[in-house]
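Protein sequences appear in the order of chains A and B. According to full-length UniProt numbering, the first sequence is numbered sequentially starting from 1. According to full-length UniProt numbering, the second sequence is numbered sequentially starting from 1. Ideal placement from N, C-alpha and C gives every residue a C-beta, glycine not left out. One structure is given here, and the rest of the page talks about it.
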Amino acid sequence: MKEALKMAEEALNLGEVPVGAVFVNNLSKEIVGRGRNNTNSLKNATRHAEFEAIDEILKKQVAASEVEWKLLTVFVTVEPCVMCASALRQLGLSMVYFGCNNERFGGCGSVLSVHNCPSKFKELPCEGNYFKDEAILLLRKFYIKENEHAPNPTKKTNRLLKIEDLGNLKSVI
Amino acid sequence: MHIQPIVKETEQELLKIELYALHLHSPQQASSFIKLISIHFPLTDLSHLKRIKKTTELLDDNKNCINLYGLIAKTSDVKKEDLVNFLLQNFNNDNGQNFDSDYFNQRIIKISASKYPATDKKKFDIWKTLWPMNFHNDYQKHDIPLNDIEIQEIFSIMNKLKNLSVELNSSKNVGLIYDPKKKLTTLQTDLNSLTDSHPLNHCILQLINASAKNYVIKLQKSKVGDKRKGLDCESYLLKDMDVFVLKEPCIMCSMALVHSRVSRIFYVENTEEGGLEGLLKVHLVPSLNHHYRAFKLIYD
Ligand SMILES: [Zn+2]
Ligand SMILES: [Zn+2]
């Protein structure tokens, strides 16, 4: 999880939403892929940390069919969104450990439960709250930075800041 | 031939559903409650309901007493004794204070809530008094019917897409991005993308990736060095755009379209793992920040 946080920090330094992910082989315990959010520089709202890591793993292989996804565990600093949760489940990853909840887009319980909804794909076991505070701190830093850069803090950044705080009760009610 | 909008089931009249809720004793407890419960008891088809209800009671001594209730699950889905056991195992400690089964037995109560999301503000204001709800104006937007000219246009584009599928000679899903204002197809599935061996090379993800690549190239060519502007556009790549596919997108692709802020999607065939027609209806989840319209073309 610390390695995933490092990836998130790299994203923060590059002006991306600080989310990081690493994929670990269950047998060798080695990190086989890393990714961080890359939506801004690629102008592509789907380039989340999980997808970047998946593509890194695929790049190393000659054929995509060689990857044994069921032997890999995902460590990601923020709960995978609905899209990523579905992607990880379709690939058949063995387990997902995540940091903080993703109240806006979370696909492992926060917004929808893609990890265990009825489907032909095997359920995707998920567990949160690993280095949660560190993950939240990075997100806060990002939104504060965004706000400072904006010539006059816009509505949008304000909204993001508030939503980012959803872990505490007031904004949920 | 007609076009069927994929909308959430809803009712004109309030339909009640019975659920279990936990009477929480502090905001801190509520916060850890949400974290635990949202993973183990997803709301799925009740995503219009909020997890927490707050009531304020005026006591005799003029002080306010705030009560917090946390939604757990439908009474039809789970037995109370199982809930007590679950909470005993996973939720029995708060700042060193331990709870026993009596505590949970007393604090798990039955509540009623609206089974369906409210389609207009008036209903919303009444229905939410039962149990707090989310509301989105989009439900009204979704009621606007397509006119005859639009329907004709939509069928003719879908026919082009069917021809493309025959041309490409593939059983895989094919699709295109259409700009309804300019009446222009901006991108479509090509031979390269069909032979891509990426396990997630679904046609919608490919279209999104390709249009992002085109956009980056355009930015580099124009060399307008205004970085901030680019940053803001990023998530709105498919804003006001329509997507046409032969098969209903999976959950992953349905959500990729939310991230990309697409305007409408049209498809012909529903799929087993589809994200629009099934339980989840990703394009209409009230708590997501973008919603799009989904339509199924019916040939009869
Ligand atoms: Zn994601
Ligand atoms: Zn898909």
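B:PHE244 - partner residues in DSSP beta bridges | B:LEU176, B:PHE266
Would you identify the three-state DSSP class for B:CYS250, choosing helix, strand or coil?
-> strand
For A:ASN94 and chain B, any beta-carbon pair shorter than 8 Å?
-> According to the sequence as given, residue 94 of chain A is Ser; it is not Asn. No, because no Cβ of chain B sits closer than 8 Å to the Cβ of A:SER94.
Do the CB positions of A:ALA87 and B:MET252 come within less than 8 Å of each other?
-> A Cβ-Cβ contact shorter than 8 Å links A:ALA87 with B:MET252.
With hydrogens ignored, establish whether the beta-carbon of A:HIS48 is closer than 7 Å to any heavy atom of ligand 4.
-> In the structure on display, ligand 4 does not appear, and the ligands it does have are ligand 1 and ligand 2.
Measure from the alpha carbon of B:ASP242 to the alpha carbon of each residue in B:ALA212, B:LEU187, B:SER26, then state which is nearest.
-> B:LEU187
Out of B:ASN134, B:LEU200, B:LYS79, point me to the one whose CA is closest to B:CYS250's CA.
-> B:LEU200
C-beta atoms of B:PRO132 and B:LYS16 nearer than 8 Å = Going by C-beta atoms, B:PRO132 is not nearer than 8 Å to B:LYS16.
With hydrogens ignored, establish whether the beta-carbon of B:PRO249 is closer than 7 Å to any heavy atom of ligand 2.
-> yes
Span of the beta strand (DSSP E), counted from its first residue to its last, around A:ARG36 | 31-36
Using a Cβ cut-off of 8 Å (strictly closer), state whether A:THR73 contacts chain B.
-> no
Drop a sphere of 10 angstroms on the beta-carbon of B:GLY70, count the other beta-carbons inside from all chains shown, and report buried for 16 or more, exposed for fewer.
-> buried
DSSP-derived helix/strand/coil call for A:MET1 | coil
So is B:MET255 in contact with chain A if we call contact Cβ pairs under 8 Å?
-> yes
Separation of B:VAL282 from B:LEU164, as counted between CA atoms = For B:LEU164 and B:VAL282, the distance between alpha carbons rounds to 27 Å.
Do you know how far the Cα of A:ILE31 is from the Cα of B:ALA113?
-> Taking the straight line joining both Cα atoms gives about 46 Å.
Examine chain A for any beta-carbon lying closer than 8 Å to the beta-carbon of B:MET252, and answer yes or no.
-> yes
For the beta strand (DSSP E) containing B:GLU57, list its first residue and its last residue.
-> Per DSSP, the unbroken beta strand (DSSP E) holding B:GLU57 starts and ends at 52-58.
Residue ranges of each beta strand (DSSP E) within the segment 161-210 of chain B, 3 or longer | Listed in chain order, they are 175-179, 184-188.
Segment contact, 8 Å Cβ cut-off, at least three pairs: the segment 66-74 of chain A with the segment 5-13 of chain A = no
Are the CB atoms of A:THR39 and A:VAL17 nearer to each other than 8 Å?
-> yes
Does the beta carbon of B:PRO145 sit closer than 8 Å to a beta carbon anywhere in chain A?
-> no
Any Cβ of chain B within less than 8 Å of the Cβ of A:THR46?
-> Chain B contact via Cβ: present.
Report the residue ranges of all alpha helix (DSSP H) runs contained in full by the segment 87-150 of chain B; include only those spanning at least 4 residues, in chain order.
-> 101-107, 121-127, 138-141
Would you verify that the beta carbon of B:ALA212 is, or is not, closer than 8 Å to some beta carbon of chain A?
-> Chain A, which has a Cβ nearer than 8 Å to the Cβ of B:ALA212, makes this yes.
Assuming B:SER38 and B:SER287 form a contact by the criterion Cβ under 8 Å, report the distance between their Cβ atoms to the nearest whole angstrom.
-> Between B:SER287 and B:SER38 the Cβ distance is about 11 Å, and since that is not below 8 Å, they are no contact.
Are the segment 94-109 of chain A and the segment 75-83 of chain A touching, with three or more C-beta to C-beta distances below 8 Å?
-> yes
Assigned secondary structure, B:LYS8 (DSSP; H/G/I helix, E/B strand, else coil) = B:LYS8 falls in the coil class under three-state DSSP.
According to DSSP, is residue 303 of chain B helix, strand or coil?
-> Any property of residue 303 of chain B remains undetermined from this structure, which presents chain B solely from 1 to 300.
In or out: A:LYS43 buried (at least 16 other Cβ within 10 Å) or exposed?
-> buried
Cβ-heavy atom distance between B:ILE204 and ligand 2 below 7 Å?
-> yes
Interface partners of B:TYR215 on chain A, CB under 7 Å | LYS43
Contact list for A:LEU14 against chain B, beta-carbon separation under 8 Å | Going along chain B, no residue has its Cβ under 8 Å from A:LEU14, so there is no contact; the nearest lies around 12 Å.
Pull out every residue of the segment 76-88 of chain A whose Cβ sits closer than 7 Å to any Cβ of chain B, in chain order.
-> CYS81, VAL82, MET83, SER86, ALA87
Could you tell me whether the Cβ of A:VAL17 comes closer than 8 Å to any Cβ of chain B?
-> The beta-carbon of A:VAL17 is placed no less than 8 Å from the nearest beta-carbon of chain B.
Straight-line CA distance for B:PHE266 to B:VAL174?
-> 12 Å
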